[in-house]
Amino acid sequence: MRHELKRKQTADTDCTKRIRVEKLNLPALRRLFETRMQEDFPEVELKPFPKMRELYETGHYLPLAIRDNSENHDLLAYALFAREKAEEGHHYLLDYFAVKESERGSGIGTDFLREMEAHIDDAETILGEIEDPDHAADDEEEAVRVRRRAFYLRNGVRETRVRAEVCGMNYRILEAGGATPHSPAEIRHILDRFYRRFFPEKMYREEVNVHIA
1 MRHELKRKQT ADTDCTKRIR VEKLNLPALR RLFETRMQED FPEVELKPFP
51 KMRELYETGH YLPLAIRDNS ENHDLLAYAL FAREKAEEGH HYLLDYFAVK
101 ESERGSGIGT DFLREMEAHI DDAETILGEI EDPDHAADDE EEAVRVRRRA
151 FYLRNGVRET RVRAEVCGMN YRILEAGGAT PHSPAEIRHI LDRFYRRFFP
201 EKMYREEVNV HIA
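All residue numbers for the sequence shown refer to my numbering, where the first residue is 1 and numbers rise by one.
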């Protein structure tokens, strides 16, 4: 889950809740990419917008805005999911997830993870990538990655035995959703489908390695 540091598509109308979640249209996704995402993620981690647009237009991308449920509807966070057809419903991969700087530590991320499946009610599974603490450059970076892993596990996301090396980055793969966890072999196959859609064949062969630890 790229994280700076997936269904009801209608906004949540329960005014007692802190957040409301809504699907972004393509122009809104472009604005998000050109503004907030440039601040939240290193350039090297951002897909080119034409690839995002292609995924969106072919039904393989679900961008969600997480807004304040008060009158001003401020954008508190966003979660962008890639989507692949499953036997029943879809597989989802949390591609980008970022919380507004002033809201970090306020529980927005926790609120969203607790409601995530309600807004992606056709999910057979939801996968995510976290940077592997075992491959951190130093103790400080390792501590950040360990805290990030703990955050997801604390909120009901399961760690799998699947690992991925993508363009020089090492990820552990997490799973949420679904009544029955998938086997590592199944998760490896699902994740491989996402990466094959993201990357040209030559780049996929040279830069992507998905394996079971």
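Where a beta carbon is used, it is the ideal one built from N, C-alpha and C, also for glycine.
Answer with buried or exposed for G128, where buried requires no fewer than 16 other C-beta atoms within 10 angstroms of its C-beta.
G128 is buried by the Cβ-count criterion.
When you compare only the Cα positions, how much space is there between E142 and H135?
So the alpha carbons of these two residues sit roughly 8 Å apart.
Any idea if R172 is buried or exposed, counting beta-carbon neighbours within 10 angstroms, 16 or more meaning buried?
Looking at its Cβ environment, which holds 16 or more other Cβ atoms inside 10 Å, R172 is buried.
Whole-angstrom distance between N170 and A213, CA atom to CA atom
Their Cα atoms are separated by approximately 12 Å.
Mind checking whether R31 and N69 have CB atoms under 7 Å apart?
No, they are not a contact pair.
What are the partner residues of D68, as DSSP defines its beta bridges?
Bridge partners of D68 according to DSSP: I19.
What number of angstroms, rounded off, separates the C-alpha of E140 from the C-alpha of A79?
Each residue's Cα considered, the two are about 26 Å apart.
From what residue to what residue does the beta strand (DSSP E) around K202 run?
Per DSSP, K202 lies in no beta strand (DSSP E) segment; the continuous alpha helix (DSSP H) that holds it begins and ends at 201-207.
Taking just the CA atoms, how far does K17 sit from Y204?
Whole-angstrom Cα-Cα distance: 42 Å.
Could you compute how far the alpha carbon of C15 sits from the alpha carbon of I66?
Unreliable placement is indicated for C15, whose pLDDT of 44 sits below 50; the coordinate value is still reported in the next sentence. Distance between the alpha carbons of C15 and I66: 14 Å.
May I ask you to report which of helix, strand or coil DSSP gives R197?
R197 falls in the helix class under three-state DSSP.
Put F49 into one of helix, strand or coil per three-state DSSP.
Helix, per DSSP.
Give me the DSSP bridge partner(s) of R163.
Per DSSP, the beta bridge partners of R163 are R172, H211.
With burial defined as no fewer than 16 other Cβ atoms inside 10 Å of the residue's Cβ, what is the status of T180: buried or exposed?
With fewer than 16 other Cβ atoms within 10 Å, it is exposed.
Cutting at 8 Å between CB atoms, please list the residues of its own chain near V146, excluding the five before and the five after it.
In its chain, beyond the 5 residues on either side, P133 have a beta carbon closer than 8 Å to the beta carbon of V146.
May I ask you to report which of helix, strand or coil DSSP gives D95?
In this structure, DSSP gives D95 an extended state, which the three-state scheme calls strand.
Distance check for V162 and S183, CA to CA, integer angstroms please.
Roughly 10 Å between the two C-alpha positions.
Helix, strand or coil: which one does DSSP assign to E101?
Three-state DSSP puts E101 in a helix.
Endpoints, the beta strand (DSSP E) within which I130 is located:
It spans 123-131 - the beta strand (DSSP E) in which I130 sits, taken as one unbroken run.
Would you mind stating whether I130 and G177 have Cβ atoms separated by less than 7 Å?
Taking C-beta atoms as the reference points, I130 and G177 fail to come closer than 7 Å.
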